[in-house]
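As structure tokens, the structure follows; a few thoughts come after it.
Now the structure itself:
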């Protein structure tokens with residue numbers, strides 16, 4: 702494990718779990734921010750393995766804290782970064798580690814920033830990769846089902862709009878590995894859209 706922060710990371714898991722429980726963020730009933738965090742961590746690990754660079758401890762801690770903050774009227778990434786800074790400092794983490802983790806957590810939505818560290822790039826890209834591909838289509842389906850006017854045509858339109866937004870993320874991806882993974886996810890998403898369109902057309906009167 703990276704630079705030997707195993708015990709710190711173990712304590713971070715406990716703290717992050719508590720924060721998500723005690724301070725839930727308003728969202729759709731089928732979405733769970735802790736599960737999102739777990740998925741982002743897996744994406745981040747895949748990107749790092751493919752890239753062959755980046756401190757795994759910094760990446761892990763930054764992902765764990767990247768979405769813990771929520772205050773009405775405040776950017777969640779800034780709140781999350783402040784929480785990470787306070788907690789890590791209380792744990793006696795070194796100044797360099799605290800800065801690297803906070804930068805990656807607090808900047809994960811600030812994709813206009815340049816340059817950024819490889820750890821920041823990986824956390825940014827991993828966050829973008831969640832709820833794309835098949836999971837993105839599942840998200841669309843559940844969103845459509847819980848809308849005031851549910852139906853397959855509404856799902857198709859919602860999915861087309863969502864796909865276009867995700868496709869635009871290719872311009873914001875920072876790492877070569879992240880781009881490779883997102884392109885593969887988009888191909889899955891596009892296939893779902895095409896199949897749904899064909900089946901709805903076949904069923905039309």
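In my numbering, the protein residues as written are 702 to 906.
Built from N, CA and C at the ideal position, the CB exists for glycine as well.
Exercise. Going by the CB atoms, is the gap between residue 840 and residue 806 shorter than 7 angstroms?
Worked result: no
Problem set entry | Boundaries of the alpha helix (DSSP H) in which residue 732 is found, first to last residue | From DSSP, residue 732 is part of no alpha helix (DSSP H); its letter is neither H nor E.
Exercise. Rounded to the nearest angstrom, how far is the Cβ of residue 825 from that of residue 875, given a contact under 8 angstroms?
Worked result: 6 angstroms
For this session: Helix, strand or coil for residue 874, going by three-state DSSP, please let me know.
Result: coil
Problem set entry | Nearest residue (CA-CA) to residue 799, options 854, 850, 786 | 786
Exercise. Three or more C-beta pairs closer than 8 angstroms, one from the stretch 764-783 and one from the stretch 848-864: is that the case here?
Worked result: no
Problem set entry | Whole-angstrom C-beta distance between residue 880 and residue 871, which should lie under 8 angstroms | 6 angstroms
For this session: Within the same chain, show all residues whose beta-carbon is closer than 7 angstroms to that of residue 762, passing over the 5 residues directly before and after it, in chain order.
Result: 710, 713, 802
Exercise. Who are the Cβ neighbours of residue 784 in its own chain at under 8 angstroms, not counting the five residues just before and after it?
Worked result: 720, 766, 769, 770
Exercise. Taking only runs of the beta strand (DSSP E) that begin and end inside the stretch 735-810, which ones reach a length of at least 3 residues, in chain order?
Worked result: none
Exercise. In chain order, what residues of the same chain lie with their CB nearer than 7 angstroms to the CB of residue 820, ignoring the 5 residues before and after it?
Worked result: 755, 756, 759, 760, 763, 801, 805
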